[in-house]
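The opening position of the sequence shown corresponds to residue 446 in my numbering, with each subsequent residue numbered one higher. Idealized CB from N, CA, C, for every residue including glycine. From a predicted model like this one, the values you see are computed outputs, not experimental measurements. The structure under discussion appears below in the form of structure tokens.
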Amino acid sequence: MLTLLAFQACKKEVVVYDEETDTGSGETGEERASHDNGFPADYDIVFDNSKVHKMYIVFTTQEWADMQADLASKITGGGGPGGTFDNENPDYFHCEVNYNDLTWDNVGIRYKGNSSIRARSGKLPLRFDFDKWEYEDPRIADQRFYGFKELSMSSNYNDPSLMRENTADDLFRDFGVPAVRTAYYEIYIDQGDGNPQYYGLYTLCEVVFDTFLKDWFGSKTGNCYKPDGDGAMFASTGFDLDDLDLKTNEEANDKSDVQQMHTFLHAGTRTSNPAQWRADLESVFDVDGFLKYLAANNTLQNWDTYGRMTHNYYLYHDPSDDLIKWIAWDNNEAFQNGKRGGSVSFGMTEVGTDWPLMNFIIADADYEAKYKTYIKSFIETSFANTRMTTIYNTQESLLQSSADAERTGFSFVNGQFNSAVAILRSHNSQRIAAAEAYLQ
Numbered sequence: 446m447l448t449l450l451a452f453q454a455c456k457k458e459v460v461v462y463d464e465e466t467d468t469g470s471g472e473t474g475e476e477r478a479s480h481d482n483g484f485p486a487d488y489d490i491v492f493d494n495s496k497v498h499k500m501y502i503v504f505t506t507q508e509w510a511d512m513q514a515d516l517a518s519k520i521t522g523g524g525g526p527g528g529t530f531d532n533e534n535p536d537y538f539h540c541e542v543n544y545n546d547l548t549w550d551n552v553g554i555r556y557k558g559n560s561s562i563r564a565r566s567g568k569l570p571l572r573f574d575f576d577k578w579e580y581e582d583p584r585i586a587d588q589r590f591y592g593f594k595e596l597s598m599s600s601n602y603n604d605p606s607l608m609r610e611n612t613a614d615d616l617f618r619d620f621g622v623p624a625v626r627t628a629y630y631e632i633y634i635d636q637g638d639g640n641p642q643y644y645g646l647y648t649l650c651e652v653v654f655d656t657f658l659k660d661w662f663g664s665k666t667g668n669c670y671k672p673d674g675d676g677a678m679f680a681s682t683g684f685d686l687d688d689l690d691l692k693t694n695e696e697a698n699d700k701s702d703v704q705q706m707h708t709f710l711h712a713g714t715r716t717s718n719p720a721q722w723r724a725d726l727e728s729v730f731d732v733d734g735f736l737k738y739l740a741a742n743n744t745l746q747n748w749d750t751y752g753r754m755t756h757n758y759y760l761y762h763d764p765s766d767d768l769i770k771w772i773a774w775d776n777n778e779a780f781q782n783g784k785r786g787g788s789v790s791f792g793m794t795e796v797g798t799d800w801p802l803m804n805f806i807i808a809d810a811d812y813e814a815k816y817k818t819y820i821k822s823f824i825e826t827s828f829a830n831t832r833m834t835t836i837y838n839t840q841e842s843l844l845q846s847s848a849d850a851e852r853t854g855f856s857f858v859n860g861q862f863n864s865a866v867a868i869l870r871s872h873n874s875q876r877i878a879a880a881e882a883y884l885q
């Protein structure tokens with residue numbers, strides 16, 4: 446039997462699947478697929494990019510208060526750019542999620558991020574775990590959101606166009622570089638008073654180690670790493686396997702694959718026998734895929750990533766060909782020269798030996814030639830001006846009302862939405878010209 450709840454804030458009837466009272470009669474396959482484990486992830490529903498989705502998140506008054514107190518306890522210095530985040534993820538709390546006329550009970554929710562979580566804004570990034578509380582509530586055992594266990598909600602931090610995250614991930618994917626799927630969601634939060642407030646337009650992101658690995662690579666049995674810290678630079682000094690956090694196969698904790706990659710990268714054959722060096726490195730690392738990533742990333746300009754920062758990428762040891770693959774991640778700061786020295790140039794001349802995956806590879810004539818080939822291909826296909834102009838114009842129309850509705854204190858738009866999109870259009874032409882100049 447299906448339980449019906451009146452969700453007053455939405456002013457519509459919401460269907461809730463209750464496993465304990467369900468008898469199987471009257472239950473549709475669609476309703477089971479929306480909540481139960483064992484169904485494939487429904488990308489067509491959750492990541493439909495042709496529309497702006499709406500999601501309502503409902504807290505009890507106490508859960509909301511506890512969630513804010515937990516965040517405050519982990520940020521010192523008052524938040525914002527001057528605040529210090531203690532690098533410990535905020536705790537999970539309980540909420541109800543309403544979407545597509547359905548309700549998910551007892552969902553785990555927490556804040557996420559780094560700079561974005563310290564922003565002086567009420568619009569903070571979120572993370573969902575749909576069966577987080579199954580040990581205390583058997584009704585939600587293996588609960589899924591259309592096949593997804595975990596989902597990440599980016600706040601579009603520091604992005605008045607609201608579309609950098611989505612556009613960059615789509616560009617990477619279109620060019621054959623592993624990157625998660627994304628979609629636009631208006632988020633409404635009820636703090637427990639029955640009065641949901643608009644918290645702005647977010648970008649929903651697939652979680653790499655939940656569904657993405659199986660979707661892109663066909664398997665999630667290989668080692669998946671989320672690097673951060675000195676070890677993530679792969680330099681000759683300071684390399685520490687503890688800085689490469691395993692997100693799969695945690696119990697085995699066998700990191701010999703990335704250790705071998707580091708060993709081959711720094712082998713003396715790089716200068717004494719380049720052909721052998723390339724062969725050894727390519728036996729463990731997908732260098733060709735990394736060159737495609739560099740070509741795309743350096744063209745669209747993404748400063749908050751490898752070469753400037755020690756995070757915002759994943760590695761996956763793909764069992765299908767036994768190679769470690771590069772996965773792009775967290776692109777809300779893309780399409781601009783940026784901060785902290787700015788984005789890396791096409792020639793990567795400013796990147797020293799502390800970043801050997803870039804420095805050593807661009808110094809190799811064979812790899813440099815292939816890298817340039819990929820830049821040329823990228824600006825002629827995925828990043829072509831006519832294609833990007835259409836994308837920007839379509840998304841501007843799609844997001845206009847959502848951007849206009851964002852509230853002061855809960856927005857990074859600040860009345861700059863249309864001008865920010867215009868800047869993106871100009872940026873596309875400028876980067877193509879810069880790429881052509883580099884190639885010539």
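Closest by C-alpha distance to residue i, when choosing among the options
i    : options                : result
S856 : T505, S566, T506       : S566
D574 : A779, G553, T834       : G553
C669 : D660, D690, D546, K815 : D690
L686 : K692, T693, V703, N694 : V703
V497 : T648, V866, E610       : T648
Y819 : E841, G734, N830, A882 : G734
H480 : F504, Y544, V622, A517 : Y544
N494 : F791, D615, Q875       : D615
Y580 : I806, D767, M598, N551 : N551
G930 : A478, G592, P801, E727 : A query on residue 930 cannot be resolved here, the shown segment of the chain reaching from 446 to 885 and no further.
Inter-residue spacing [alpha-carbon to alpha-carbon] between residue i and residue j
i    : j    : result
T627 : R572 : 14 Å
I868 : V796 : 27 Å
A720 : D688 : 30 Å
T853 : N859 : 7 Å
D487 : D536 : 28 Å
D731 : E651 : 23 Å
D675 : Y759 : 15 Å
H711 : A880 : 29 Å
E696 : Y761 : 17 Å
H872 : R785 : 20 Å
F780 : K817 : 20 Å
P485 : Y501 : 24 Å
G523 : P605 : Residue confidence is low: G523 scores 49 on pLDDT, short of 50, so the model does not pin down where it sits. No coordinate-derived value is stated.
W661 : W509 : 36 Å
G783 : W748 : 6 Å
M803 : Q840 : 33 Å
D725 : N718 : 11 Å
D638 : G663 : 44 Å
L709 : W722 : The amino acid at residue 709 is misidentified as Leu; the sequence shows Phe. Whole-angstrom Cα-Cα distance: 7 Å.
For residue j and residue i, believed in contact at Cβ under 8 Å, the rounded distance
i    : j    : result
N777 : N534 : 19 Å between Cβ atoms; not a contact.
L646 : L843 : Actually they do not touch by this definition, with Cβ atoms about 10 Å apart.
Y633 : P641 : 4 Å
F823 : T744 : 6 Å
L862 : L607 : Reading the sequence as shown, one finds Phe at residue 862 and not Leu. At roughly 7 Å, the Cβ-Cβ gap stays under 8 Å, so F862 and L607 are in contact.
K700 : F620 : That belief does not hold up - the Cβ atoms of K700 and F620 are roughly 29 Å apart, past 8 Å.
P886 : K821 : Residue 886 lies beyond the residue range present for the chain, which begins at 446 and ends at 885; the question has no answer from this structure.
F504 : Q636 : 6 Å
I772 : F828 : That belief does not hold up - the Cβ atoms of I772 and F828 are roughly 19 Å apart, past 8 Å.
Per-residue DSSP class, three states only, for residue i
i    : result
S600 : coil
T744 : helix
Y751 : coil
G553 : strand
S577 : Before going further, note that residue 577 is Lys rather than Ser in the sequence given. K577 falls in the coil class under three-state DSSP.
V796 : coil
R785 : coil
R892 : For the chain, the structure presents residues 446 to 885; residue 892 sits outside this window and is missing.
W851 : The displayed chain sequence assigns Glu, not Trp, to residue 851. Correct three-state label for E851: coil.
T714 : helix
T708 : helix
T548 : strand
D690 : strand
A624 : coil
F654 : helix
P583 : helix
A887 : The first residue shown for the chain is 446 and the last is 885, placing residue 887 beyond what the model contains.
Range covered by the beta strand (DSSP E) that runs through residue i
i    : result
T627 : 627-635
E651 : 642-651
F504 : Careful: F504 lies outside any beta strand (DSSP E) and carries neither H nor E.
H762 : 758-763
I772 : 768-773
Residue span of the alpha helix (DSSP H) that contains residue i, given as start and end
i    : result
K817 : 810-825
D660 : 658-662
Y544 : No alpha helix (DSSP H) contains Y544, which is instead part of the beta strand (DSSP E) from 538-544.
D725 : 719-727
P801 : 801-807
A488 : Reading off the sequence, residue 488 comes out as Tyr, not Ala. Y488 -> alpha helix (DSSP H) spans 488-491.
Any C-beta of chain C under 8 Å from that of residue i
i    : result
K557 : Protein chain content of the structure displayed is limited to a single chain, and chain C is not contained in it.
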